[in-house]
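Residue numbers (this note's numbering): 1081 to 1482.
Set out below in structure tokens:
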């Protein structure tokens, strides 16, 4: 429970109250904030508060403490230009988890021809207060009181007809020139699940990918960025997410990471307590304050897609089972797939198979490239003794999530 000082309390009174408010069991003072410099008045919420005052205008709350937002206006402008560069025309942006909207404003400040429409999804009231004025001031903007994690939010966008003018393009016609998804990625397990699920919808042409090869641009923790882009050159960090990403898309940094460092100079929230443990000293890789970065994800063209439509569940099953023994040779890990699956080693090394369809089964699981995983999944799919599909489909059962 928080205690409020009377409006006219003096510094001396506040200090006295702090000395008196002591827990009798722990003998520890409950600290009350002393009156400080008044907040700069915000006459119009079309403009954001001074960057130095964000912590006070947007105080900590359990529901949003894990959500990092770009705070520095100059940095936001650089990110906006990297996400929607010169040459872009008539973009329709779907933005999720915008926070108070520093990046939203930077995108709208790009040359007008680059962006035709912005659909902004946010459900935190204090952030909405600074987003709704954008809708009133700019006819390109629609603000929707929804989060960016549930499937219904995106269904709602289509039901409102906000994407009716977006053309559905075949995947062999290049990257979609209009529709573009942009988001801050929350620093939580659900944030990691979100990017994982987005990448899983890509091969199946679900979600926004039903419109074509939709680019994704993200502001996310360096930890998750490294998980997505991990390669066989660092086998200890190789993971299922990085393999699906490699098999389905090209993932690159939008800006050099150094331009977004240190965290406190660019992002909200920042710690104001001199006694707070530095983020780098915290055990959790998701601690707010650890380095953040930016990235662009572009789906592969049709001929480069290694995960065929309808095969994501199969890939998910094989990756999950094989990574149980990720530091083991493929031949020795094959029984993890199913009883008798060791016979796949003979299939994969059969000299009668074309050389480009053979796999070195002496390789360790975490050193397989994406195209080698495609060979393994294909062999398993063709194996007559593989488990029934209802055993393989160990996917998300909550369809309210992406």
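Where is the CB? At the ideal position from N, CA and C, for every residue including glycine.
{"Item": "Cβ contact check for the segment 1411-1428 and the segment 1316-1323: 3 or more pairs under 8 Å", "Value": "no"}
{"Item": "Where residue 1196 falls: helix, strand or coil (DSSP)", "Value": "strand"}
{"Item": "Beta-carbon proximity of residue 1312 to residue 1127, cut-off 8 Å", "Value": "no"}
{"Item": "Distance between residue 1458 and residue 1186 (C-alpha atoms, nearest Å)", "Value": "45 Å"}
{"Item": "Reduced DSSP secondary structure (H/G/I, E/B, other) of residue 1175", "Value": "strand"}
{"Item": "8 Å Cβ cutoff met for residue 1146 and residue 1268", "Value": "yes"}
{"Item": "Bridge partners - residue 1297, DSSP secondary structure assignment", "Value": "1262, 1376"}
{"Item": "Cβ-Cβ distance between residue 1374 and residue 1159 below 8 Å", "Value": "yes"}
{"Item": "Residue(s) in a DSSP beta bridge with residue 1427", "Value": "None, per the DSSP bridge assignment."}
{"Item": "Residue nearest to residue 1443 in terms of C-alpha spacing, selected from 1407, 1468, 1278", "Value": "1407"}
{"Item": "Local Cβ density within 10 Å of residue 1108, reported as buried at 16 or more and exposed below that", "Value": "With a pLDDT of 36 at residue 1108, under the threshold of 50, the predicted position of this residue should be treated as unreliable, and no value is reported."}
{"Item": "Inter-residue spacing [alpha-carbon to alpha-carbon] between residue 1246 and residue 1284", "Value": "19 Å"}
{"Item": "Where residue 1047 falls, given that 16 or more other Cβ within 10 Å makes a residue buried", "Value": "It is not possible to answer for residue 1047, since the shown part of the chain is limited to 1081 through 1482."}
{"Item": "Element boundaries [alpha helix (DSSP H), containing residue 1237]", "Value": "1231-1239"}
{"Item": "The segment 1206-1215 in contact with the segment 1332-1344 per 3-pair CB rule at 8 Å", "Value": "no"}
{"Item": "Presumed contact (8 Å Cβ cut-off) between residue 1162 and residue 1182, rounded CB distance", "Value": "Contact doesn't hold; Cβ gap of about 15 Å is too wide."}
{"Item": "Stretch-stretch touch, CB-based, cutoff 8 Å, three pairs: the segment 1374-1392 with the segment 1324-1333", "Value": "yes"}
{"Item": "Of the listed residues 1424, 1272, 1291, nearest to residue 1299 (C-alpha basis)", "Value": "1272"}
{"Item": "CB of residue 1132 within 8 Å of CB of residue 1180, strictly", "Value": "no"}
{"Item": "Beta-carbon proximity check, residue 1347 vs residue 1151, cutoff 8 Å", "Value": "yes"}
{"Item": "Boundaries (first-last residue) of the alpha helix (DSSP H) holding residue 1398", "Value": "1392-1402"}
{"Item": "Beta-carbon spacing of residue 1175, residue 1201 below 8 Å", "Value": "yes"}
{"Item": "Segment limits, beta strand (DSSP E) that includes residue 1312", "Value": "Taken as a continuous stretch (DSSP letters only), residue 1312 belongs to no beta strand (DSSP E), as it is neither H nor E."}
{"Item": "Residue burial classification, residue 1419 (beta-carbon count within 10 angstroms, cutoff 16)", "Value": "exposed"}
{"Item": "Backbone secondary structure at residue 1270 - three-state DSSP", "Value": "helix"}
{"Item": "Alpha carbon of residue 1314 to alpha carbon of residue 1466, nearest angstrom", "Value": "31 Å"}
{"Item": "Residue 1224: first and last residue of the uninterrupted beta strand (DSSP E) it sits in", "Value": "1221-1224"}
{"Item": "Residue 1369 beta carbon near the ligand NAP (any heavy atom closer than 7 Å)", "Value": "Among the components modelled here there is no ligand, and therefore nothing to report on the ligand NAP."}
{"Item": "Sub-8 Å separation of residue 1417 and residue 1460 beta-carbons", "Value": "yes"}
{"Item": "Cβ-Cβ separation, residue 1171 to residue 1192 (assumed contact under 8 Å), whole Å", "Value": "Incorrect: roughly 11 Å between the Cβ atoms, too far for contact."}
{"Item": "Simplified DSSP assignment, three categories, for residue 1169", "Value": "coil"}
{"Item": "Coarse secondary structure for residue 1444, derived from DSSP in three states", "Value": "strand"}
{"Item": "Beta-carbon contacts of residue 1168 that lie in its chain and below 6 Å, excluding the five residues immediately before and after", "Value": "1194"}
{"Item": "Residue 1329 (DSSP reduced to helix, strand or coil)", "Value": "strand"}
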